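Asker:
Number of protein chains: 2
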Amino acid sequence: MAEETVTGSTDLSLKRPREEEVNGASATAVTGEAMETENSTDNGTPGISSVIPGWFSEISPMWPGEAHSLKVEKILFQGKSDYQDVMVFQSATYGKVLVLDGVIQLTERDECAYQEMITHLPLSSIPNPKKVLVIGGGDGGVLREVGRHSSVEQIDICEIDKMVVDVSKQFFPEVAIGYEDPRVTLHIGDGVAFLKAVPKGTYDAVIVDSSDPIGPAQELFEKPFFQSVANALRPGGVVCTQAESIWLHMHIIEDIVANCRQIFKGSVNYAWTTVPTYPSGVIGFMLCSTEGPSVDFKNPVSSIDTNTDYNKARGPLKFYNPEIHTAAFCLPAFAKKVIDAKAK
Amino acid sequence: MAEETVTGSTDLSLKRPREEEVNGASATAVTGEAMETENSTDNGTPGISSVIPGWFSEISPMWPGEAHSLKVEKILFQGKSDYQDVMVFQSATYGKVLVLDGVIQLTERDECAYQEMITHLPLSSIPNPKKVLVIGGGDGGVLREVGRHSSVEQIDICEIDKMVVDVSKQFFPEVAIGYEDPRVTLHIGDGVAFLKAVPKGTYDAVIVDSSDPIGPAQELFEKPFFQSVANALRPGGVVCTQAESIWLHMHIIEDIVANCRQIFKGSVNYAWTTVPTYPSGVIGFMLCSTEGPSVDFKNPVSSIDTNTDYNKARGPLKFYNPEIHTAAFCLPAFAKKVIDAKAK
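Okay, structure coming up:
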């Protein structure tokens, strides 16, 4: 079992899950009379969505005028950490669902797409990754995927919110299995501060599995953070960060690309994939490398040995393969135009 | 302006649009007290969704337990044709939206992805397409895209529901502009019957822009229809059919692939793309060719001449490019496994 160090302030213990049935107006978080209002607090953090009785609806100023809803069978957990509202529910058709501040983070049915792509896009783009840092990703799904690379010797994870880790271990064992790896060290704390303290050139790869840039993850989309990432990477090291939706957030993506272009002197690329329960059905990734041995992200150089005990125990990949790796870098005309302009 | 022939039964004239504001319980189609029930009629046709006040929600037994919702500014049209319920509304953030039997067919914001991909995937895969048949696609968006290929001399379209054509011409001029092309002939009637009457080997390409296989489009997913398509195509001709979502409908896709494999003796391929307002955020296409000159769908052989008057007038492509053409054939592991097994 992985060692656990606590570098940030968190003393919230896991609350007893509420196992009551959702049957109309009684369960406050996933029911309500109308979803008309966007329950934003003053600082723009989306609150728990109000919804149609018996359904959870994802409403946010990040995607105004639309909402994806899932039918709720049962609320399994509701809590408030130092950082965000945390909820888990059993959905009718997407398995269990993890929600932070009213936004779906993962469902059992489609988590494979996000976890596999955000992990294997960077790790398959360099030969023999050994030291990997994950920022965010407290659910453990990225750890599970990093572990598939048999060259990896050390996996550090810095997650700000211990409640996310605890909730994942209790309700998402097939995701939190990522923690059951002796190579993993969990650091509970602020990823920005953690990275600043990392000695220069420590990691082969950094994966930033963040929530949206409204709320606790805001700094993870800003230039000083990218500078810390670049510093923590070896020459020719790689970073992959969650980078929003080409359909919804081209203005955010434009800024991220411009920032990365200034900071990462190797290559700067945008890739994307399908995740049905994310807004607009897609999510993107920034893939950058530091100056040093060149990295051609579009053509993977290492593959996952499916015959290791680790991979046999976890079963085959559900989503990633080398073809979809390369395809992920092909952008629709409207996005290519903007990103290519910023990347030059 | 295109000639119009009527081969089917339709005498419904366009109803006067309802321009009342949506403000709660007064507008029946897009409001209601709860979306709990899936308003299916006995034959499985989904009815108009009931929703949260002021929002339209897409509920169907085709995607149980989930619903995508758009905020409604104004209902512009509601009608009932011989075949289906037809609705147009102005959404808050996706432009105008066309809904058939409670299912979103297109929004102004993301229609480019579907129309461009279903058209240019087949037409760019063969040299100099001349005669093209569109089945369904009454909104005219596919016609608009077919017209971009300057080699095309004849475009026939067979749409069963005249109300769809009329509504599109009234509310979606940038889509229905496809009809303003002297190469286009509109046939109002049953696509199945129309194809049976087509002399063998008539077309270079057939595009089947259908709704889901519940309702009027059901026969367009069955083997006799594919046989008629194969017959209507010249040797080495191509067909592209709407083929549902890999996330939601692998069982339907499996059957379609197996059917096509029996009937199309050239090549049989599955491609897919992102469309945010379609269920699960993706839509797939079956691309098949008849026996004859071989067609390598994954590598486009013809490109669109952007300097023609036609293309200058319609502006640049928003979504399609040769890279995304090739990428569309790369499938996630879970889908590749099923489709490759059926395709052999």
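Chains as they are written, first to last, in numbering that gives the first Met the number 0: chain A, 0 to 343; chain B, 0 to 343.
Where is the CB? At the ideal position from N, CA and C, for every residue including glycine.
Quantities reported herein were computed from a predicted structural model and do not represent experimental measurements.
Are any of the Cβ atoms in chain A nearer than 8 Å to that of N127 of chain B?
Answerer: Here the question's residue 127 of chain B lines up with position 128 in the second sequence. No, its Cβ sits nowhere closer than 8 Å to a Cβ of chain A.
Asker: Is it the case that the Cβ atoms of S302 of chain B and V294 of chain B are separated by a distance below 8 Å?
Answerer: As a first step, residue 302 of chain B must be located in the second sequence, where it is residue number 303. As a first step, residue 294 of chain B must be located in the second sequence, where it is residue number 295. Result no, Cβ atoms of S302 of chain B and V294 of chain B do not sit closer than 8 Å.
Asker: Would G43 of chain B count as contacting chain A if we go by Cβ distances under 8 Å?
Answerer: Translated into the one-based positions of the second sequence, residue 43 of chain B becomes position 44. Bear in mind that a pLDDT of 30 at G43 of chain B, under 50, signals an unreliable position, so the model cannot answer this.
Asker: Under DSSP, the alpha helix (DSSP H) around L122 of chain B begins and ends at which residues?
Answerer: The residue you call residue 122 of chain B lines up with position 123 of the second sequence. Here the alpha helix (DSSP H) through L122 of chain B covers E110 to L122.
Asker: Could you spell out where the alpha helix (DSSP H) holding K222 of chain A opens and where it closes?
Answerer: Numbered from 1 along the first sequence, position 223 holds the residue referred to as residue 222 of chain A. Per DSSP, K222 of chain A belongs to the alpha helix (DSSP H) from K222 to A231.
Asker: Can you give me the Cβ contacts of K264 of chain B inside the same chain, cut-off strictly under 6 Å, excluding the 5 residues immediately before and after it?
Answerer: Indexing the second sequence from 1 puts residue 264 of chain B at position 265. Answer for K264 of chain B: E290, listed in chain order.
Asker: Can you give the Cα-Cα distance for V237 of chain A and V191 of chain A, rounded to whole angstroms?
Answerer: Counted from its first residue, the first sequence places residue 237 of chain A at position 238. Counted from its first residue, the first sequence places residue 191 of chain A at position 192. So the two alpha carbons sit approximately 17 Å from each other.
Asker: State the Cα-Cα distance for the pair L286 of chain B and P292 of chain B, rounded to the nearest angstrom.
Answerer: Here residue 286 of chain B is taken as the residue at index 287 of the second sequence, counted from 1. Here residue 292 of chain B is taken as the residue at index 293 of the second sequence, counted from 1. Roughly 15 Å separates the two Cα atoms.
Asker: Can you find the residues in the same chain that come closer than 8 Å, C-beta to C-beta, to L219 of chain A, ignoring five residues on each side of it along the sequence?
Answerer: Start at 1 with the first residue of the first sequence, and residue 219 of chain A comes out as number 220. So the qualifying residues of the chain are I134, G135, G190, V191, V207, S209, P212 and T240.
Asker: Is the beta carbon of E65 of chain B closer than 8 Å to that of L69 of chain A?
Answerer: By one-based count along the first sequence, residue 69 of chain A stands at place 70. By one-based count along the second sequence, residue 65 of chain B stands at place 66. Taking 8 Å as the Cβ cut-off, L69 of chain A and E65 of chain B qualify as a contacting pair.
Asker: Near D304 of chain B, which residues of its chain fall below 8 Å by C-beta distance, leaving aside the five closest residues on each side in sequence?
Answerer: For the purposes of this step, residue 304 of chain B is taken as residue 305 along the second sequence, with counting starting at 1. S149 and N310.
Asker: Under three-state DSSP, which class holds T325 of chain A?
Answerer: Numbered from its first residue, the first sequence carries residue 325 of chain A at position 326. Helix.
Asker: Determine the contact status of T272 of chain A and N298 of chain A, defining contact as a CB-CB distance below 8 Å.
Answerer: Translated into the one-based positions of the first sequence, residue 272 of chain A becomes position 273. Translated into the one-based positions of the first sequence, residue 298 of chain A becomes position 299. Taking 8 Å as the Cβ cut-off, T272 of chain A and N298 of chain A do not qualify as a contacting pair.
Asker: Among the residues of its own chain, which have a CB less than 8 Å from the CB of K14 of chain A, if the five just before and after it don't count?
Answerer: In the first sequence, residue 14 of chain A corresponds to position 15, counting from 1. In this predicted model, K14 of chain A has a pLDDT of only 33, less than 50, meaning its place in the structure is not dependable enough to derive any value.
Asker: Sorted by chain position, which residues of the same chain lie with C-beta nearer than 6 Å to L132 of chain A's C-beta, five sequence neighbours on each side aside?
Answerer: Locating residue 132 of chain A in the first sequence gives position 133, where the first residue counts as 1. Only D155, Y202 and V205 meet the Cβ criterion.
Asker: Let me know if G283 of chain B comes out buried or exposed under the rule of 16 or more other beta-carbons within 10 Å of its beta-carbon.
Answerer: In the second sequence, counting from the first residue as 1, residue 283 of chain B sits at position 284. Buried, by the Cβ-count rule.
Asker: Step through the CB atoms of chain A and report whether any lies within less than 8 Å of the CB of I282 of chain B.
Answerer: What you label residue 282 of chain B is simply residue 283 of the second sequence in a count that begins at 1. It does not; no Cβ of chain A falls within 8 Å.
Asker: Does L194 of chain B come out as helix, strand or coil in the three-state DSSP assignment?
Answerer: In the second sequence, residue 194 of chain B corresponds to position 195, counting from 1. Helix, per DSSP.
Asker: Measure how close the beta-carbons of W62 of chain B and L247 of chain B come, nearest whole angstrom, since I'm counting them as under 8 Å.
Answerer: For this step, residue 62 of chain B is matched to residue 63 along the second sequence. For this step, residue 247 of chain B is matched to residue 248 along the second sequence. Your pair W62 of chain B and L247 of chain B checks out as a contact, with CB atoms roughly 5 Å apart and the cut at 8 Å.
Asker: Output the boundary residues of the beta strand (DSSP E) element that contains N320 of chain A.
Answerer: Numbered from 1 along the first sequence, position 321 holds the residue referred to as residue 320 of chain A. Where N320 of chain A is concerned, there is no enclosing beta strand (DSSP E), given that its DSSP letter is neither H nor E.
Asker: Using a Cβ-Cβ cutoff of less than 7 Å, which residues in the same chain neighbour I117 of chain B once the five nearest sequence positions on both sides are dropped?
Answerer: Against the second sequence, residue 117 of chain B aligns to sequence position 118. Around I117 of chain B: V141, I206, D208, C239, Q241 and F284.
Asker: For the beta strand (DSSP E) holding D203 of chain B, just list the boundary residues, first then last.
Answerer: Counting from 1 along the second sequence, the entry for residue 203 of chain B is found at position 204. Element bounds for D203 of chain B: Y202 to D208.
Asker: Considering only C-alpha positions, which residue in the set A:V174, A:N320 and A:I338 is nearest to A332 of chain B?
Answerer: Your numbering for residue 332 of chain B matches position 333 in the second sequence. It is A:N320.
Asker: So Y269 of chain A and I252 of chain A are in contact, right, with Cβ under 8 Å, and what is the actual spacing, rounded?
Answerer: As a working mapping, residue 269 of chain A is identified with position 270 in the first sequence. As a working mapping, residue 252 of chain A is identified with position 253 in the first sequence. Their Cβ separation, rounded to whole angstroms, is 7 Å, which keeps Y269 of chain A and I252 of chain A in contact under 8 Å.
Asker: Applying the criterion that 16 or more other CB atoms from any shown protein chain within 10 Å of the CB defines a buried residue, is K130 of chain B buried or exposed?
Answerer: In the second sequence, counting from the first residue as 1, residue 130 of chain B sits at position 131. The residue in question, K130 of chain B, is buried, as its Cβ has 16 or more Cβ neighbours within 10 Å.
Asker: By the 9 Å beta-carbon criterion, what residues does the region 145 to 162 of chain A contribute toward chain B?
Answerer: none
Asker: Use the C-beta contact count for D165 of chain A: other C-beta atoms within 10 angstroms, 16 or more gives buried, fewer gives exposed.
Answerer: Numbered from its first residue, the first sequence carries residue 165 of chain A at position 166. D165 of chain A is buried by the Cβ-count criterion.
Asker: Measure the C-alpha to C-alpha separation of A112 of chain A and V228 of chain A and round it to an integer number of angstroms.
Answerer: To locate residue 112 of chain A, count along the first sequence from 1; it is residue 113. To locate residue 228 of chain A, count along the first sequence from 1; it is residue 229. Rounded to the nearest angstrom, the two C-alpha atoms are 24 Å apart.
Asker: Between A91 of chain A and the rest of its own chain, which residues show a CB-CB distance below 8 Å, the 5 nearest in sequence each way excluded?
Answerer: Walking along the first sequence from the start, residue 91 of chain A turns up at place 92. L69, K70, V71 and E72, listed in sequence order.
Asker: Is D339 of chain A helix, strand or coil when you go by DSSP?
Answerer: Stepping through the first sequence from its first residue, residue 339 of chain A is reached at position 340. D339 of chain A falls in the helix class under three-state DSSP.
Asker: Name the chain A residues that come within less than 9 Å of I206 of chain B, Cβ to Cβ?
Answerer: Counting from 1 along the second sequence, the entry for residue 206 of chain B is found at position 207. Under the 9 Å cutoff, chain A gives no residues; its nearest Cβ is about 20 Å from I206 of chain B.
Asker: Between which two residues does the beta strand (DSSP E) containing D84 of chain B stretch?
Answerer: Counting from 1 along the second sequence, the entry for residue 84 of chain B is found at position 85. D84 of chain B -> beta strand (DSSP E) spans D84 to S90.
Asker: Beta-carbon of P275 of chain A versus every beta-carbon of chain B: anything under 8 Å?
Answerer: For the purposes of this step, residue 275 of chain A is taken as residue 276 along the first sequence, with counting starting at 1. So yes, P275 of chain A belongs to the interface.
Asker: So, is V274 of chain A buried or exposed, given that buried needs 16 or more other C-beta atoms within 10 angstroms?
Answerer: Here residue 274 of chain A is taken as the residue at index 275 of the first sequence, counted from 1. Counting Cβ neighbours within 10 Å, V274 of chain A comes out buried, since at least 16 surround it.
Asker: Could you tell me which of A:F318, A:A334, A:A327 and A:L330 sits nearest to Q114 of chain A, measuring between CA atoms?
Answerer: Reading the first sequence from its first residue, position 115 is the one you call residue 114 of chain A. Here the closest residue by C-alpha is A:F318.
Asker: With which residues is W246 of chain A paired in a DSSP beta bridge?
Answerer: Reading the first sequence from its first residue, position 247 is the one you call residue 246 of chain A. Looking at the DSSP assignment, W246 of chain A forms no beta bridge with any residue, so it has no partner.
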